[in-house]
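Going by the numbering used here, the residue at position 89 of the sequence shown is 852; the numbering climbs one at a time, nothing skipped. Here a beta-carbon is modelled for each residue, glycine too, at the ideal position from N, C-alpha and C. These numbers were taken from a predicted model, which means no experiment stands behind them.
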Amino acid sequence: MTLPPAQSSALGPVARAGGRDNGVRVSFEFSPPKTPQAEESLWAAIRRLEPLNPSFVSVTYGAGGSTRERTHRTVKRMLDETTLKPAAHLTCVGASREEVDEVVRDYWESGIRHIVALRGDPPGAIGGAYEPRADGYLNATELTAGILKVAPFEVSVSLYPQVHPESPGIDHDIDVLKAKVDAGATRAITQFFFDTDVFLRFMDKVRKAGVTIPISPGIMPVSNFKGLQRMAEPCGIPLPSWLGGLFDGLDDDPDTRRLIAGSVAAEMCARLAEEGFSDFHFYTLNRADLVYAICRVLGVREAPIAPKEAAA
Ligand code: FAD
């Protein structure tokens, strides 16, 4: 809905989003838990977010396949005990094609129908030199094609608004995305970012290059700026100085940091919604509260959950 100019300019993007139902769809990313306590808090987050009826939820695959069993178990439990549509991440780094295909077959036999196909990072250092195995899939393009040879999955792939650390530039990243789409990917999820203008300019280029698949901006609501720096730096994601300034001096004040994190992410999402984006992917870090609040800003509301037996 377009507001009259006077009202539109008087309000910020969050107020203009105003919690209206505007056709926004969300998806949530989780990581497989390492301990029983982490499992409990993951499932509390899943239960809180499930009623928002996400398009899908995804579960990451630890570096070098280190969480293979835990990823599988988490996704299987989602399938068995919730109404969610889980997508399992899968990487091909450090594995042979046969090993990867076996995981893909296991996913299909367990009822999983959506894979987020990724190459994975070189062991040791993100952004370090990547050495493909001679008997392995070379990259996510080959992996996507390999997955679809096993079974007709929905395949999502990655995209980097601020350029992948190994890439020579945006045009190359867009060419890689096009190759992944040609290989059968039907959705892309972006790396997280904090500069909305840079993201919008990037998306203009992607669309002008003729890519038409749905692309979900990846949103990371984080209240721990130092932790965010540790995650962003090796991935080559620049953090704007204004963001650091907002958290300055708040190391011992987690409540204020959380309020700031929520408002930064909510403003960014509301602006993207105004710009016409309707699919949002949240890196939840296995916590629900900030994501839940931002979804409300975007107009996403609970829907009654049918009991599992009735839904089956
Ligand atoms: P690719 O898309 O394969 O690209 C990597 C490089 O390969 C490109 O820069 C390009 O140089 C080359 N390349 C690829 N295709 C072609 C082609 N057709 N022609 C020429 N060159 C090509 N990592 C994990 O370990 N586990 C996860 O669960 C995980 N989830 C992620 C989820 C999202 C949404 C994102 C954005 C990233 C995720 N990652 C994950 C990180 C990812 O594995 C790394 O960023 C990795 O370095 C690159 O993986 P990719 O699939 O983006 O690589």
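Among Ser821, Ala1029 and Val985, which one has its Cα closest to the Cα of Val1060?
-> In the sequence shown, the residue the question calls residue 1060 occupies position 297. Ranking the options by Cα distance to Val1060, first place goes to Ala1029.
Cα-Cα separation, Pro895 to Arg779 = Walking along the sequence shown from the start, residue 895 turns up at place 132. Walking along the sequence shown from the start, residue 779 turns up at place 16. Looking at the two C-alpha atoms, the distance is approximately 48 Å.
In its own chain, which residues sit with a C-beta less than 8 Å from the C-beta of Asp936, not counting the 5 before and 5 after it?
-> Position 173 of the sequence shown, counted from the start, is the residue given in the question as residue 936. Contacts found: Leu922, Tyr923, Val926, His927 and Ser930.
Can you grab the Cα-Cα spacing for the pair Glu1065 / Tyr893, in whole Å?
-> Numbered from 1 along the sequence shown, position 302 holds the residue referred to as residue 1065. Numbered from 1 along the sequence shown, position 130 holds the residue referred to as residue 893. Each residue's Cα considered, the two are about 43 Å apart.
Sequence-distant residues of the same chain with beta carbon closer than 7 Å to Asp804, five excluded per side | The residue given as residue 804 occupies position 41 in the sequence shown. Sequence check: residue 804 is Ser here, not Asp. Excluding positions up to five away in sequence, the list reads Asn1049.
Using a threshold of 8 Å, state whether the C-beta atoms of Ala1033 and Pro776 are closer than that.
-> Here residue 1033 refers to the residue found at position 270 of the sequence shown. Here residue 776 refers to the residue found at position 13 of the sequence shown. Yes, Cβ-Cβ distance for Ala1033 and Pro776 is below 8 Å.
Which of the three DSSP states, helix, strand or coil, is assigned to Ala951?
-> Looking up residue 951 in the sequence shown gives position 188. Looking at Ala951 - three-state DSSP - the assignment turns out to be strand.
Cβ of Leu881 within 7 Å of any heavy atom in ligand 1?
-> Position 118 of the sequence shown holds residue 881. Set against 7 Å, the gap from the CB of Leu881 to the closest heavy atom of ligand 1 is smaller.
Tell me whether Ala1073 is buried or exposed, calling it buried when 16 or more other Cβ atoms sit within 10 Å of its Cβ.
-> Taking the sequence shown and counting its residues from 1, one reaches residue 1073 at position 310. Since pLDDT at Ala1073 reaches only 47, below the 50 mark, its modelled position is unreliable, and no value is offered.
Have a look at the DSSP bridge pairing and note the partners of Leu922.
-> Locating residue 922 in the sequence shown gives position 159, where the first residue counts as 1. Checking the DSSP bridge columns, you'll see Leu922 partnered with Thr953.
Quick one: does Asp898 have its CB under 8 Å from some CB of chain C?
-> No chain C is present in this structure, which holds just one protein chain.
Return helix, strand or coil for Arg810, following the three-state DSSP convention.
-> Start at 1 with the first residue of the sequence shown, and residue 810 comes out as number 47. Collapsing the DSSP output to three states places Arg810 in a helix.
Would you check if the distance between the CB atom of Thr904 and the CB atom of Val918 is smaller than 8 Å?
-> In the sequence shown, residue 904 corresponds to position 141, counting from 1. In the sequence shown, residue 918 corresponds to position 155, counting from 1. Going by C-beta atoms, Thr904 is not nearer than 8 Å to Val918.
Looking at the structure shown, is His852 part of a helix, part of a strand, or coil, going by DSSP?
-> One-based indexing of the sequence shown puts residue 852 at position 89. Residue state, collapsed to three classes: strand.
Can the beta-carbon of Thr834 be found less than 8 Å from the beta-carbon of Pro795?
-> Taking the sequence shown and counting its residues from 1, one reaches residue 834 at position 71. Taking the sequence shown and counting its residues from 1, one reaches residue 795 at position 32. Yes; because the gap between Cβ atoms is below 8 Å, this pair is in contact.
Enumerate in chain order the residues of its own chain whose CB-to-CB distance from Asp710 is below 7 Å, with the five nearest sequence positions on each side excluded.
-> Any property of residue 710 remains undetermined from this structure, which presents the chain solely from 764 to 1075.
For Pro997 and Leu1006, the rounded distance between their alpha carbons = Counting from 1 along the sequence shown, the entry for residue 1006 is found at position 243. Counting from 1 along the sequence shown, the entry for residue 997 is found at position 234. Distance between the alpha carbons of Leu1006 and Pro997: 18 Å.
Alpha carbon of Gly827 to alpha carbon of Met983, nearest angstrom = Position 64 of the sequence shown, counted from the start, is the residue given in the question as residue 827. Position 220 of the sequence shown, counted from the start, is the residue given in the question as residue 983. Gly827 and Met983 have their C-alpha atoms some 23 Å from each other.
By DSSP, does Leu774 sit in helix, in strand, or in coil?
-> Translated into the one-based positions of the sequence shown, residue 774 becomes position 11. In the structure shown, Leu774 falls within a coil segment according to DSSP collapsed to helix, strand and coil.
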